[in-house]
Each structure stands twice: as structure tokens, then as C-alpha cells.
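The working numbering runs 22 ahead of the 1-based position in the sequence shown.
Ideal Cβ positions, reconstructed from N, Cα and C, are used throughout, including at glycine.
Single-structure report; data block below.
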Amino acid sequence: MDEAVRRALAIDKSSPARDRTVDITTIGRRSGRPRRIEIWFYRADGKVYLSSMPAKRGWYANLKANPAFTFHLKNGVVADLPATAVPVTDEAERRRVFAHFVDDLNQPGNPGRIAQPTHVEDWVAGSPLMEISFDE
């Protein structure tokens, strides 16, 4: 992986919303057609994740059915990265990962202007969570 791409993926608490915003192209679970959306990515313990506020999401259903997708960096560095998604379903693991996200979001410089405080339990109960690996 190119060094500029590594830096773009190395977000932390100081990273603004723009740096966290990517597009993903999934394959529709019913249609079989490409679906491109904008989404935030997160990091916890050196790993990359996709998630969103609590709700059912089409992108999550698509990735469960077809885990290979394209992760599009678009701010600063432009790159189309082949990737694979794995659902994180173990409750203890979800709680640990979401604790990182909530800690990141519950700060004075909240990168997404998400209503504060946001709570780990809300995310664990209703948010989709995928761990992402990049195909090299």
C-alpha cells in the first residue's frame, strides 16, 4: 500500500469529518448491481471499520451478502482500494470497538457534529459494524 494511502487511513481523534469521509461501492444483494454511497470510516486498535448511527442500512446488508467491495478515498488522496468486509457480531468485541468510536465522537471538537453525548450501548444495540481488510 502506498504511503499516502496509509496516511489517509491513519485517522485519529484530531481528524476532521472530511478526512473520515469516503465512498464505498458495494454489490446489491438483490439487484447484483454496483451501489456507491458516502460513509464515514473509523479506526480502533489499528484496524479500519465501517459503521453508522443506529439503524438498518442497505450497505451493511449488501456487504454481508457480497463482502468484496471498493473503498474510495476522495479527500486529499484519491484511491480506489479493493477491500473485504467482515461483520463484527460478537457483543464484547462490538462494545470494545464502539467504545473507541464513542470516545472519539464525545469530544469538544466532535468531527461530525453528532448529538452529544452519544452512548456505547446505543451503538452496540443498533449500529452495523464491519471490519475492513484491504486486498494487496
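Could you tell me the boundaries of the alpha helix (DSSP H) in which residue i lies?
i	result
residue 119	113-127
residue 108	Unbroken run through residue 108 is the beta strand (DSSP E), 101-109; no alpha helix (DSSP H).
residue 41	39-42
residue 26	25-31
residue 148	142-148
If I measure Cβ to Cβ from residue i and keep anything under 8 Å in the same chain, skipping five residues before and after, which residues do I get?
i	result
residue 27	95, 99, 101 and 103
residue 65	31, 32, 33, 34, 71 and 122
residue 57	47, 48, 49, 50, 80, 81 and 84
residue 29	99
Excluding the five sequence neighbours on either side, which residues of its own chain have a C-beta within less than 6 Å of the C-beta of residue i, listed in chain order?
i	result
residue 126	35
Just to confirm the assignment, what range does the beta strand (DSSP E) spanning residue i have?
i	result
residue 158	From DSSP, residue 158 is part of no beta strand (DSSP E); its letter is neither H nor E.
Can you name, in chain order, every residue of its own chain whose Cβ lies under 7 Å from the Cβ of residue i, other than the five neighbours on each side?
i	result
residue 43	60, 62 and 97
residue 86	109
residue 158	23
residue 74	61, 149 and 150
residue 117	142 and 146
residue 119	66, 71, 110 and 151
residue 20	The displayed coordinates of the chain run from 23 to 158. Any statement about residue 20 would go beyond what the structure contains.
At 3 residues or longer, what runs of the beta strand (DSSP E) sit wholly inside the region 44-94?
56-66 and 69-73
Are the region 104-112 and the region 80-96 in contact at 8 Å, needing three or more beta carbon pairs?
yes
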